[in-house]
DNA sequence: AGCATAAGTAGGAGATTCCCTACCCGTCAA
DNA sequence: TTGACGGGTAGGGAATCTCCTACTTATGCT
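Chains as they are written, first to last, in UniProt numbering: chain X, 1 to 117; chain L, 1 to 117.
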């Protein structure tokens with residue numbers, strides 16, 4: 001678990017990792033079908049395995065997946081901690097859509113955080 | 001407001017827009033200090049204005065900011081809808097950190113979504 | 001030992017990103 | 001109307017991304 005202090009480089013790595021449909025699909029597969037070896041993941045993509053390997057490396061370096069060796073297979077598993085951090089990052093923005101639903105948006109948009117009680 | 005159907009290209013644009021520290025800082029400034037013209041934003045960055053203009057364009061095309069012309073100024077405003085979508089995208093992953101905190105992580109990691117009640 | 005399989009690394013091509021300088025367009029003020 | 005100002009567009013260069021094919025490494029099977 002990371003502390004609240006936002007390491008910019010780390011944040012960059014997570015957002016950049018997520019900025020690719022293939023890598024987001026890998027995360028979805030790991031979430032819905034559980035940990036699996038590379039080949040099983042690869043079956044879902046129209047892409048050579050080395051390319052997928054590089055995507056997995058990006059995800060690993062962002063801390064979004066971990067690998068566990070089992071024989072000659074490597075089982076990839078979802079690691080959600082960076083996504084929890086992402087939710088934390090999102091929190092200060094929440095009022096911008098919650099308030100808007102209550103019809104207060106236009107007012108609050110013009111009001112800095114500091115002025116709120 | 002987007003529907004629940006995830007437009008991949010749109011999602012890509014939002015994640016890609018967020019995968020840059022300058023652009024995230026722009027969003028933070030708009031959130032904390034309210035809508036402002038380009039020059040005021042530019043004061044916070046060690047970067048020429050044309051470069052910032054391009055960052056603003058990326059944010060605009062991701063739907064994360066809107067501009068409103070006022071005389072020869074253009075006032076940029078935070079648009080949080082894509083961030084609300086991002087929070088929705090995050091939801092199915094929540095159990096991976098909530099459950100882990102309860103010590104159920106290892107079990108659920110191995111269990112597909114479909115098997116859950 | 002000898003071969004097959006799982007998956008990573010090396011290196012390269014083409015596209016994209018991010019910054020720059022130079023220039024253009026619209027608006028306000030003298 | 002002429003100039004200054006706010007801000008965008010054009011085009012280019014260095015770095016990075018994303019895919020590929022070829023090759024390497026490690027493990028398991030016979």
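Yeah, the Cβ is synthetic: ideal placement off N, Cα and C, and Gly gets one too.
Whole-Å CB distance - residue 67 (chain L) paired with residue 60 (chain L), under 8 Å assumed: Taking the Cβ atoms as the reference, residue 67 (chain L) lies roughly 7 Å from residue 60 (chain L), within the contact range of under 8 Å.
What residues in the region 28 to 47 of chain L have a beta carbon less than 7 Å from any beta carbon of chain X? Taking 7 Å as the Cβ-Cβ cut-off, the region 28 to 47 of chain L approaches chain X at 31, 32, 33, 34, 35, given in chain order.
Exposed or buried, which one is residue 50 (chain X) when buried takes at least 16 other CB atoms within 10 Å? Classification of residue 50 (chain X): exposed, given that the 10 Å Cβ count is below 16.
Rounded to a whole number of angstroms, what is the C-alpha to C-alpha distance between residue 81 (chain X) and residue 70 (chain L)? Whole-angstrom Cα-Cα distance: 43 Å.
In chain order, what residues of the same chain have a beta carbon less than 8 Å from the beta carbon of residue 78 (chain X), not counting five sequence neighbours either side? Result list for residue 78 (chain X): 27, 30, 31, 35, 64, 65, in chain order.
Close-in-space but distant-in-sequence residues of the same chain around residue 47 (chain X) (CB under 8 Å, 5 per side omitted): Cβ within range, chain order: 22.
Give me the Cα-Cα distance between residue 17 (chain X) and residue 15 (chain L), rounded to the nearest whole angstrom. Roughly 9 Å between the two C-alpha positions.
For the beta strand (DSSP E) holding residue 67 (chain X), just list the boundary residues, first then last. From DSSP, the beta strand (DSSP E) with residue 67 (chain X) extends over 65 to 70.
Coil, strand or helix - residue 74 (chain L) by DSSP: Under the three-state reduction of DSSP, residue 74 (chain L) is assigned to strand.
Closest Cβ-Cβ distance between residue 68 (chain L) and chain X: below 8 Å? No, residue 68 (chain L) lies away from the interface with chain X (no Cβ there is under 8 Å from its Cβ).
Step through the CB atoms of chain L and report whether any lies within less than 8 Å of the CB of residue 93 (chain X). By this cut-off, residue 93 (chain X) is an interface position.
Comparing the C-beta of residue 119 (chain L) with each C-beta of chain X, is any distance below 8 Å? This structure cannot settle anything about residue 119 (chain L), because the visible part of chain L is limited to 1 through 117.
Name, in chain order, the residues that DSSP records as bridge partners for residue 37 (chain X). For residue 37 (chain X), the beta-bridge partners assigned by DSSP are X:75.
Figure out for me which residue from X:40, X:86, X:12 has the closest Cα to the Cα of residue 75 (chain X). Among X:40, X:86, X:12, the Cα nearest to that of residue 75 (chain X) belongs to X:40.
In three-state terms, what does DSSP make of residue 96 (chain L)? The DSSP-derived three-state label of residue 96 (chain L) is helix.
So what's residue 44 (chain L) in DSSP terms, helix, strand or just coil? Residue 44 (chain L): coil per DSSP, three-state reduction.
With DSSP collapsed to three states, give me the class of residue 80 (chain X). In this structure, residue 80 (chain X) counts as coil in the three-state DSSP scheme.
Taking the Cβ atom as the reference point for each residue, do residue 12 (chain L) and residue 62 (chain X) lie within a distance shorter than 8 Å? Note that the C-beta distance between residue 12 (chain L) and residue 62 (chain X) is not below 8 Å.
Relative to the alpha-carbon of residue 85 (chain X), which residue among L:45, L:24, L:97, L:92 has its alpha-carbon at the smallest distance? For residue 85 (chain X), the nearest C-alpha among the options comes from L:97.
Short CB-CB distance (under 8 Å) between residue 84 (chain L) and chain X: Against chain X, the CB of residue 84 (chain L) has a partner CB under 8 Å away; the residue lies at that interface.
Reducing DSSP to helix, strand and coil, say where residue 85 (chain L) ends up. In this structure, residue 85 (chain L) counts as helix in the three-state DSSP scheme.
Delimiting residues of the alpha helix (DSSP H) encompassing residue 9 (chain L): For residue 9 (chain L), the enclosing alpha helix (DSSP H) covers residues 8 to 18.
Whole-angstrom distance between residue 56 (chain X) and residue 43 (chain X), CA atom to CA atom: Whole-angstrom Cα-Cα distance: 14 Å.
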